[in-house]
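Count the sequence shown with the working numbering and you get residues 59 to 239, in order.
Where a beta carbon is used, it is the ideal one built from N, C-alpha and C, also for glycine.
Report on one structure; see the data block that follows.
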Amino acid sequence: AVVAKKEQQAEALRVELEAAQGRAAEQGKAAEASKAKLAQHRDEQEAAREAQRIEESKRAESVRLQAEAAAARRHEDRATDEERTRRRVTELEERLGQSDKSLDLLRNAVARRDQLLAEQRAAFLPPPAAALTKVVLATDIAETSVTIPDVTLVIDGGLHRALATDERASHAPHLRTARIS
């Protein structure tokens, strides 16, 4: 009977041990599940932090690109303004150069006219000495009724300038030298 009692106690201990082992196995599984959930939670948190870092990086890159684009636009606007200013300065320099050329041409024309007028006036002055002979070398002057005192000789080249049109160059009028007869 003592042996049977001991066997019953041993059996009860075995059942209790199996129950404890079952509970330990369940707790182990629960602990593994908790570890897995904790690892998953950590992974999710790390993924969320990584997504946040990526989003911040994208925002920073977007701000940087916008700043670069604005700087490029300002540079382009400045270059456009500088180019416009350069073109305007060049245009004004060209106008000034043309004005200077025009003024030079006008000054030369006035000086030449003054010289021709002086020469023409001199032709009508009485000769300074009796030995001086006045000669006219122009048909147009010889044909006019202007009388120049003391002209003793007229040389006629037999040529004159006549207005003509050029058949080849769109009928543009021009002067050409032709024989009088």
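Option in 73, 233, 193, 119 with minimal Cα separation from residue 211: Indexing the sequence shown from 1 puts residue 211 at position 153. Looking at the Cα atoms, 193 is the closest of the given residues.
CB of residue 256 within 8 Å of CB of residue 216, strictly: In the structure displayed, the chain extends from 59 to 239; residue 256 sits before or after that span and is not available.
Through-space distance from residue 99 to residue 128, alpha-carbon basis: Here residue 128 corresponds to residue number 70 of the sequence shown, with the count starting at 1. Here residue 99 corresponds to residue number 41 of the sequence shown, with the count starting at 1. The alpha-carbon atoms of residue 128 and residue 99 are separated by roughly 43 Å.
Coil, strand or helix - residue 100 by DSSP: Taking the first residue of the sequence shown as 1, we reach residue 100 at position 42. Looking at residue 100 - three-state DSSP - the assignment turns out to be helix.
Range of the contiguous beta strand (DSSP E) that encloses residue 234: Counted from its first residue, the sequence shown places residue 234 at position 176. Judged by DSSP secondary structure, residue 234 falls within the beta strand (DSSP E) whose first and last residues are 231-237.
Boundaries of the beta strand (DSSP E) in which residue 211 is found, first to last residue: Within the sequence shown, residue 211 is the residue found at index 153, counting from 1. The continuous beta strand (DSSP E) containing residue 211 extends over residues 209-212.
Enclosing beta strand (DSSP E) for residue 222 [first to last residue]: Reading the sequence shown from its first residue, position 164 is the one you call residue 222. Note, residue 222: beta strand (DSSP E), 217-223.
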